[in-house]
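Under this note's numbering, read the sequence shown as residues 419 to 694, first letter to last.
Cβ atoms here follow ideal geometry from the backbone N, Cα and C, with glycine treated the same way.
If you're wondering where the values come from, they're calculated on a predicted model, not measured in any experiment.
The structure appears below as structure tokens.
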Amino acid sequence: MRVLVTGGAGFLGSHLCDRLVAQGAEVLCLDNFFTGSKRNISHLMDHKNFEVIRHDLVQPLFLEVDQIYNLACPASPVYYQYNPVKTVKTSVMGAINMLGLAKRVKARILQASTSEIYGNPQEHPQKESYWGHVNPIGLRSCYDEGKRVAETLMMDYHRQNQVDVRIVRIFNTYGPRMAISDGRVVSNFIVQALRNDPMTIYGDGSQTRSFCYVSDLVDGCLKMMHREDFIGPVNLGNPCEFSIKGLAELVLKITQSQSEIVYKPLPQDDPVQRRP
419 MRVLVTGGAG
429 FLGSHLCDRL
439 VAQGAEVLCL
449 DNFFTGSKRN
459 ISHLMDHKNF
469 EVIRHDLVQP
479 LFLEVDQIYN
489 LACPASPVYY
499 QYNPVKTVKT
509 SVMGAINMLG
519 LAKRVKARIL
529 QASTSEIYGN
539 PQEHPQKESY
549 WGHVNPIGLR
559 SCYDEGKRVA
569 ETLMMDYHRQ
579 NQVDVRIVRI
589 FNTYGPRMAI
599 SDGRVVSNFI
609 VQALRNDPMT
619 IYGDGSQTRS
629 FCYVSDLVDG
639 CLKMMHREDF
649 IGPVNLGNPC
659 EFSIKGLAEL
669 VLKITQSQSE
679 IVYKPLPQDD
689 PVQRRP
């Protein structure tokens, strides 16, 4: 089995590469290293079934593969708002290029979508049948709408060209190899606590998220890829909710930090609740 993982040097992608290599797959790890890191995959570099391809997904790619996991896209606000046009291009052009590849070689493709397609939801929890409540012109829109278009492309290629697709909507995920500078709440709190810096909560801390451990997320992606009777979309996440304030207090307790919690205004369009 020859498997392409786009964004394979990123947080999620590197863990997926680990699992695929362990299962005996021949893994092609594609990354432009904008947010991915060679350190995440350094332990795989000498493995006979692992190959790294430095490539930007907005450009076409010509390979022979059996499966494609399309994970490539900046996933934290710090990164996707740094270059929003690039973020949209990665989601949209990346999906077009990977679907074109899947069509040519008759590969099955799994699209890593996101809970962000629900926007700031007016339904809770968010079922897959919910269409979302998304601001199309806000600061987060480059990521949210890019992923929504990618889902549309997946379904249209499936209906029009019979491309074998799978769609998963990934909720907040945490675990080893999270970048300490990417602005996600778990890594932010841990770094601030270990440095005894003020722990920053945006809003009053009552907003909630569900946090899924990365190995569980990889399990879900693999199971979805191998489902024969269902293409999705399907939510992947933890059904248990944490308030942001509760998470901060838990990190303080575990680290025994001297940090104080400080509150800042909630960014535009930041979701109040998020749970699959």
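Taking residue i as part of the beta strand (DSSP E), name the residues at either end of that continuous run.
i: L665; result: Careful: L665 lies outside any beta strand (DSSP E), inside the alpha helix (DSSP H) at 662-673.
i: K507; result: That residue, K507, is in no beta strand (DSSP E); its alpha helix (DSSP H) goes 502-523.
i: L684; result: No beta strand (DSSP E) contains L684, which DSSP labels as neither H nor E.
i: T618; result: 617-620
i: L654; result: 652-654
My assumption, with CB atoms under 8 Å, is that residue i sits in contact with residue j. Please give the rounded CB distance.
i: M572; j: I585; result: 6 Å
i: V552; j: S509; result: So it is not a contact: roughly 14 Å between Cβ atoms.
i: E534; j: D562; result: 5 Å
i: K682; j: T626; result: That pair is no contact at about 18 Å.
i: V427; j: I471; result: Per the sequence shown, residue 427 should be read as Ala rather than Val. That pair is no contact at about 10 Å.
i: K524; j: N579; result: The Cβ separation is near 11 Å, so there is no contact.
Using the DSSP secondary-structure output, state which residues sit across from residue i in a beta bridge.
i: A490; result: The partner list for A490 (beta bridge, DSSP) is empty, contrary to what the question assumes.
i: E707; result: Nothing in the structure corresponds to residue 707, since the chain is present only between 419 and 694.
i: Q485; result: V421, R526
i: G537; result: H551
Taking the continuous alpha helix (DSSP H) assigned at residue i, which residues delimit it?
i: F629; result: Note, F629: premise wrong, no alpha helix (DSSP H); not H, not E.
i: Y498; result: 495-498
i: A530; result: Looking at the DSSP string, A530 is not in any alpha helix (DSSP H); the run it does join, the beta strand (DSSP E), is 526-532.
i: R437; result: 429-440
Can you say whether residue i is buried or exposed, counting buried as having 16 or more other CB atoms within 10 angstroms of its CB?
i: I527; result: buried
i: S599; result: exposed
i: Y498; result: buried
i: I672; result: exposed
i: L612; result: exposed
i: Y487; result: buried
i: K545; result: exposed
Note down, one range per segment and in chain order, each alpha helix (DSSP H) of at least 4 residues found wholly within the region 542-604.
559-579
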